[in-house]
Amino acid sequence: DAKTTQPPSMDCAEGRAANLPCNHSTISGNEYVYWYRQIHSQGPQYIIHGLKNNETNEMASLIITEDRKSSTLILPHATLRDTAVYYCIVRPSTGANNLFFGTGTRLTVIP
Amino acid sequence: NAGVTQTPKFRVLKTGQSMTLLCAQDMNHEYMYWYRQDPGMGLRLIHYSVGEGTTAKGEVPDGYNVSRLKKQNFLLGLESAAPSQTSVYFCASSLRLAAYNEQFFGPGTRLTVL
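Keeping their order, the protein sequence lines are chains A and B. Under this note's numbering, think of the first position of the first sequence as 1, with each following residue one higher. Under this note's numbering, think of the first position of the second sequence as 1001, with each following residue one higher.
As C-alpha cells, this is what we get:
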C-alpha cells in the first residue's frame, strides 16, 4: 500500500540545500519514516530514518513535523552525485521488515 | 566485506525456460529479501526470509519460488519464465532488529524474457 506521497521530480542547484518533502498523513504511532535513494540503476541505499525526533547523520537531516504527518529530507550541500530517485517509506517498528517503495522523487542536481 | 552480491548480472531467457538467481551476503544478516523493479516504478517485494530454512511471500510472489538453505544465501527461482517477468531483480539483507531496518542491497540482476 502506498502510504506516502512525494513529488515526482525536483531540481536543485549544486552546492545548495535540497529539501525533499514527503506526506504520510496516515502514519501510525509505531511507524518509522525511512529514506532510501537509488542512483541510476544501482540498488537502493539507506539514508536515514526517524520516529518523531529530528535526525541527522553524515548524509542528511530528517525533519519530522510535530503531528508526524509529513517530513522533509535535507541534503545540506547537494552535489552532482546526489542525483537519484529518493524514496520515503513508512513501516512499523515490529513485525515483518518489509519496505514498500513508491515511485519516489527524482532529484536532479544542476551544475 | 563484499556486502550483498548477486549472480548473474544479466540474463536473457526464452519463455518457458527456468533459472535461479543467487544472492549471497557476508554480513551475517538474519533477514533477506528479493525485490523486482519494473521501468519507472519502485521496488516490489517478491519473497523474503527471516532466517535459515524459512521463507514468506511478499507483495508479488506468483511465478517465483525461493529457498534459504544457508544463512548467507537466498535463491530466487523462476520455473517457467514469462515475458511479464522481465525486470531488474534486487536482493537485500538486514539484521533482525525490528526497530531499525537498514536494508543493504545488491547491484541487481537484469533479466529479459523473450
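Where is the CB? At the ideal position from N, CA and C, for every residue including glycine. Being a predicted model, the structure only gives us computed values, none of them experimental.
For residue i, the three-state DSSP class (helix, strand or coil)
| i | result |
| --- | --- |
| residue 1085 of chain B | helix |
| residue 51 of chain A | coil |
| residue 16 of chain A | coil |
| residue 73 of chain A | strand |
| residue 99 of chain A | coil |
| residue 1011 of chain B | strand |
| residue 80 of chain A | helix |
| residue 65 of chain A | coil |
| residue 1092 of chain B | strand |
| residue 1111 of chain B | strand |
| residue 1103 of chain B | coil |
| residue 1006 of chain B | strand |
Sequence-distant residues of the same chain with beta carbon closer than 6 Å to residue i, five excluded per side
| i | result |
| --- | --- |
| residue 86 of chain A | 20, 37, 104, 105, 107 |
| residue 82 of chain A | 75, 109 |
| residue 59 of chain A | 47 |
| residue 1112 of chain B | 1012, 1086 |
| residue 1032 of chain B | 1049, 1074, 1093 |
| residue 9 of chain A | 106 |
| residue 111 of chain A | 14 |
| residue 1077 of chain B | 1020, 1065 |
| residue 1088 of chain B | 1037, 1108, 1110 |
Bridge partners - residue i, DSSP secondary structure assignment
| i | result |
| --- | --- |
| residue 45 of chain A | A:37 |
| residue 1019 of chain B | B:1078 |
| residue 10 of chain A | A:107 |
| residue 113 of chain A | Past the boundaries of the shown model lies residue 113 of chain A; chain A is included only from 1 to 111, so the question cannot be answered. |
| residue 116 of chain A | Any question about residue 116 of chain A goes unanswered here, given that chain A covers just 1 to 111. |
| residue 23 of chain A | A:5, A:70 |
| residue 1001 of chain B | Its beta-bridge partners do not exist; DSSP assigns none. |
Cutoff 7 Å; reference residue i; Cβ partners in own chain excluding five residues on either side
| i | result |
| --- | --- |
| residue 1057 of chain B | 1047 |
| residue 57 of chain A | 48 |
| residue 1096 of chain B | 1030, 1031 |
| residue 1102 of chain B | 1094 |
Proximal residues to residue i (C-beta, below 8 Å), its chain only, five neighbours per side dropped
| i | result |
| --- | --- |
| residue 101 of chain A | 36, 44, 87, 89 |
| residue 1114 of chain B | 1012, 1013, 1014, 1015, 1083 |
| residue 61 of chain A | 48, 54, 55, 73, 74, 76 |
| residue 1043 of chain B | 1035, 1036, 1037, 1090 |
| residue 99 of chain A | 34, 36, 89, 91 |
| residue 1003 of chain B | 1025, 1026, 1027, 1104, 1106 |
| residue 32 of chain A | 49, 50, 51, 90, 91, 92, 93 |
Contact test: residue i Cβ vs the ligand GDP heavy atom, cutoff 8 Å
| i | result |
| --- | --- |
| residue 62 of chain A | By its list of ligands, the structure shown contains no ligand whatsoever, and the ligand GDP lies outside what it can speak to. |
Contacting positions in the segment 21-44 of chain A - beta carbon closer than 9 Å to chain B: 32, 34, 36, 38, 41, 42, 43, 44
Chain-ordered residues of the segment 1031-1062 of chain B with a beta carbon less than 9 Å from chain A: 1031, 1033, 1035, 1037, 1040, 1041, 1042, 1043, 1044, 1045, 1048, 1050, 1056, 1058, 1059
Completely contained beta strand (DSSP E) runs for the segment 1016-1067 of chain B, where each covers 3 or more residues: 1019-1025, 1031-1037, 1043-1051, 1054-1057, 1065-1067
Chain B contacts made by the segment 57-89 of chain A, where a contact means CB separation under 7 Å: 87
Interface positions of the segment 1070-1093 of chain B facing chain A (Cβ-Cβ less than 9 Å), listed along the chain: 1088, 1090, 1091, 1092
Contact set between the segment 1014-1025 of chain B and chain A, restricted to residues whose Cβ is under 8 Å from the partner: none
Contact list for the segment 96-108 of chain A against chain B, Cβ threshold 9 Å: 96, 97, 98, 99, 100, 101, 102, 103, 104
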